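Letter by letter, the sequence shown follows residues 1 to 397 in full-length UniProt numbering. We put the beta carbon where it would ideally sit given N, CA and C, even for glycine. These numbers were taken from a predicted model, which means no experiment stands behind them.
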Amino acid sequence: MPRQTNFLQEATARQIVQRAMSIIHHSVNVMDSNGVIIASGNASRLYQRHEGAVLALTENRVVEIDEATAQHLKGVQPGINLPFSFRNQLVGRDWGFRRSGPGASLWRTGKNGGGADGGTGCDARSTSVGKALREELANQLLQGHSEPGSREAMAAYLELDLQQPRIVWLLELYEPQPQVLRGLLAELEITQREALITMTSFNELVLLRPACMKQGVWDVQQERKLAQQLQHEIQQRFGLRLIVGGFYSGEEGVYRSIQTARAVQTMAHRLKLVQHTLFYDDYPLPSLLCDLGEDWRAQELSRPWRQLSAQDEKGMLRNTLRHYFNQNCDQTKTAAQLHIHVNTLRYRLQRVEKTTGLKINQLADVLQLYIGYVDAGLNCVNAQNNVLFYHFVCVYR
Numbered sequence: 001m002p003r004q005t006n007f008l009q010e011a012t013a014r015q016i017v018q019r020a021m022s023i024i025h026h027s028v029n030v031m032d033s034n035g036v037i038i039a040s041g042n043a044s045r046l047y048q049r050h051e052g053a054v055l056a057l058t059e060n061r062v063v064e065i066d067e068a069t070a071q072h073l074k075g076v077q078p079g080i081n082l083p084f085s086f087r088n089q090l091v092g093r094d095w096g097f098r099r100s101g102p103g104a105s106l107w108r109t110g111k112n113g114g115g116a117d118g119g120t121g122c123d124a125r126s127t128s129v130g131k132a133l134r135e136e137l138a139n140q141l142l143q144g145h146s147e148p149g150s151r152e153a154m155a156a157y158l159e160l161d162l163q164q165p166r167i168v169w170l171l172e173l174y175e176p177q178p179q180v181l182r183g184l185l186a187e188l189e190i191t192q193r194e195a196l197i198t199m200t201s202f203n204e205l206v207l208l209r210p211a212c213m214k215q216g217v218w219d220v221q222q223e224r225k226l227a228q229q230l231q232h233e234i235q236q237r238f239g240l241r242l243i244v245g246g247f248y249s250g251e252e253g254v255y256r257s258i259q260t261a262r263a264v265q266t267m268a269h270r271l272k273l274v275q276h277t278l279f280y281d282d283y284p285l286p287s288l289l290c291d292l293g294e295d296w297r298a299q300e301l302s303r304p305w306r307q308l309s310a311q312d313e314k315g316m317l318r319n320t321l322r323h324y325f326n327q328n329c330d331q332t333k334t335a336a337q338l339h340i341h342v343n344t345l346r347y348r349l350q351r352v353e354k355t356t357g358l359k360i361n362q363l364a365d366v367l368q369l370y371i372g373y374v375d376a377g378l379n380c381v382n383a384q385n386n387v388l389f390y391h392f393v394c395v396y397r
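Have a look at this one:
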């Protein structure tokens, strides 16, 4: 005898199955809020309890079951488990079998399957399907590659313009607390409605925000203002660091932006930086060098500086070079800052040349010394050297 669930009628569930199967051409099940199959392309599965549905409903998230996982669950086959809600109340769960790549046909099921928003015609971003698609689109943009037409299809459903330039804002909780992260996500979904948001780890969210543009050019000052404003609003309630990646236009712009944000994140961890807000544009060279780690190229570039360090026991020559670089290689200003005569400065620079075999007045040579200087700061592990590097980045900015 047909049964009626608290929210989802079996007649509606059958319509969802029929419409979904006309799109993806695979069997689809719809479960009620208890995880019981109430409509299916396979009649023999009706009224069975689906463990994958229970997981999706319990955690209120999209659950993808692969072949290996399906073998360990009762009444489950490989597929996508998608919870959907009506007026913020979980109604049931949709399951679509698929044999193609991850997320294949999911957007079409959400768009045309009917019933995923309870028939209310709600804004796509507020439905379970809409949220799932926004997260999937964000992930594909961050990965820099996707199945042909996949991004375009999801963007069309979500009514988003893929040509709109976006920039990565990375929010990292200092302490991984799932409840706090969920609270942060819920708030950002309201206050950052134009952003695509994805959870990338237990203590991290990534926002793909529309970049601040002014007459076709990225407005970096406005971007800073908005980032600092958000940090000010949420810092006391959510202890976190906000990292703004670099801005890049074009199809792979978001992918490059997340790479630069990750480079800054690595630098911040390695140097134990205390700033709550960091911008890639403030630290391009240090963050890129830091990301090289122990790469042989970084080692080779810093070799002259290491030679100098080995023979400069008191650190006088290295300290002279630090001031020299901080003054943009201006000898007069450097001498004034060191309280020495310009001739004394020149003598010290000649000693640097003799020790390293490089020429201070040759751009390629002085650049190699500068990179070695930066790399040395990045590799400092004691407090004194970290202070020196902090001084460097402040001047560098």
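Checklist entry - In terms of residues, what are the limits of the beta strand (DSSP E) holding Ala39? => result Translated into the one-based positions of the sequence shown, residue 39 becomes position 39. It spans 37 to 40 - the beta strand (DSSP E) in which Ala39 sits, taken as one unbroken run.
Checklist entry - Buried or exposed: Asn343, going by 16 or more other Cβ atoms within 10 Å of its Cβ? => result Position 343 of the sequence shown, counting from 1, holds the residue named residue 343. So Asn343 ends up on the exposed side.
Item to check | Reduced DSSP secondary structure (H/G/I, E/B, other) of Pro102 | outcome: Taking the sequence shown and counting its residues from 1, the one referred to as residue 102 is at position 102. At Pro102 the pLDDT is 38, less than 50, meaning the model places this residue with poor confidence; the figure from the coordinates comes in the next sentence. Coil, per DSSP.
Item to check | Nearest candidate by alpha-carbon position, reference Gln215, set Arg262, Met199, Pro165, Arg49 | outcome: Counting from one through the sequence shown, the residue named residue 215 turns up at place 215. Nearest of Arg262, Met199, Pro165, Arg49 to Gln215, Cα basis: Pro165.
Item to check | Given Leu289 as reference, the closest of Gln307, Ala268, Gln275 once Cα atoms are compared | outcome: Position 289 of the sequence shown, counting from 1, holds the residue named residue 289. It is Ala268.
Checklist entry - If you draw a straight line from the alpha carbon of Thr334 to that of Asn361, how long is it in whole angstroms? => result The sequence position of residue 334 within the sequence shown is 334, counting from 1. The sequence position of residue 361 within the sequence shown is 361, counting from 1. In a straight line, the C-alpha of Thr334 is about 15 Å away from that of Asn361.
Next on the checklist: For the beta strand (DSSP E) containing Val28, name the first residue and the last one.
Outcome noted: On the sequence shown, residue 28 is found 28 positions in, with the first residue counted as 1. It spans 28 to 31 - the beta strand (DSSP E) in which Val28 sits, taken as one unbroken run.
Checklist entry - In whole angstroms, what is the alpha-carbon distance linking Ile340 and Glu300? => result Numbered from its first residue, the sequence shown carries residue 340 at position 340. Numbered from its first residue, the sequence shown carries residue 300 at position 300. Going from the Cα of Ile340 to the Cα of Glu300 covers about 33 Å.
Next on the checklist: Can you give me the C-alpha to C-alpha distance between Thr320 and Thr200, rounded to a whole angstrom?
Outcome noted: Counting from one through the sequence shown, the residue named residue 320 turns up at place 320. Counting from one through the sequence shown, the residue named residue 200 turns up at place 200. Taking the straight line joining both Cα atoms gives about 44 Å.
Item to check | Cβ distance (whole Å) where Thr191 is taken to contact Ala138 below 8 Å | outcome: One-based indexing of the sequence shown puts residue 191 at position 191. One-based indexing of the sequence shown puts residue 138 at position 138. Rounded, the Cβ-Cβ distance is 17 Å, inconsistent with contact.
Checklist entry - Does DSSP classify Arg209 as helix, strand or coil? => result Here residue 209 is taken as the residue at index 209 of the sequence shown, counted from 1. Correct three-state label for Arg209: strand.
Next on the checklist: Please classify Arg98 as buried or exposed, where buried requires at least 16 neighbouring CB atoms within 10 angstroms.
Outcome noted: Numbered from its first residue, the sequence shown carries residue 98 at position 98. Caution is warranted here: a pLDDT of 43 is assigned to Arg98, below 50, making its placement in the model unreliable, and the coordinate value is therefore given only provisionally. The C-beta of Arg98 has 16 or more other C-beta atoms within 10 Å across all chains shown, which makes the residue buried.
Item to check | Exposure label - Lys272; buried when at least 16 CB within 10 Å | outcome: Locating residue 272 in the sequence shown gives position 272, where the first residue counts as 1. With fewer than 16 neighbouring CB atoms inside 10 Å of its own CB, Lys272 falls in the exposed class.
Next on the checklist: Which residue wins for smallest C-alpha separation from Leu345, given the options Gly357, Gln331, Glu353?
Outcome noted: On the sequence shown, residue 345 is found 345 positions in, with the first residue counted as 1. Selected option, being the one with the closest Cα: Gln331.
Checklist entry - Rounded C-beta distance between Ser257 and Gly246? I'm assuming under 8 Å. => result For the purposes of this step, residue 257 is identified with residue 257 of the sequence shown, where counting begins at 1. For the purposes of this step, residue 246 is identified with residue 246 of the sequence shown, where counting begins at 1. Yes, they are in contact, since the Cβ atoms of Ser257 and Gly246 sit about 6 Å apart, within 8 Å.
Item to check | With 16 other Cβ atoms within 10 Å as the buried cut-off, status of Glu175 | outcome: What you label residue 175 is simply residue 175 of the sequence shown in a count that begins at 1. Glu175 should be labelled exposed.
Item to check | Whole-angstrom distance between Leu358 and Trp218, CA atom to CA atom | outcome: The residue given as residue 218 occupies position 218 in the sequence shown. The residue given as residue 358 occupies position 358 in the sequence shown. Those two C-alpha atoms are separated by around 39 Å.
Next on the checklist: Can you list, in chain order, the residues of its chain with a C-beta nearer than 7 Å to that of Gly41? Leave out the 5 residues immediately preceding and following it.
Outcome noted: Indexing the sequence shown from 1 puts residue 41 at position 41. Contacts found: Val17, Met21, Ser27, Val28.
Checklist entry - Is the CB-CB distance between Leu205 and Leu184 below 8 Å? => result Here residue 205 corresponds to residue number 205 of the sequence shown, with the count starting at 1. Here residue 184 corresponds to residue number 184 of the sequence shown, with the count starting at 1. In contact: Leu205 and Leu184 (Cβ atoms closer than 8 Å).
Item to check | Where Pro178 falls, given that 16 or more other Cβ within 10 Å makes a residue buried | outcome: Within the sequence shown, residue 178 is the residue found at index 178, counting from 1. When all chains shown are included, Pro178 counts as exposed.
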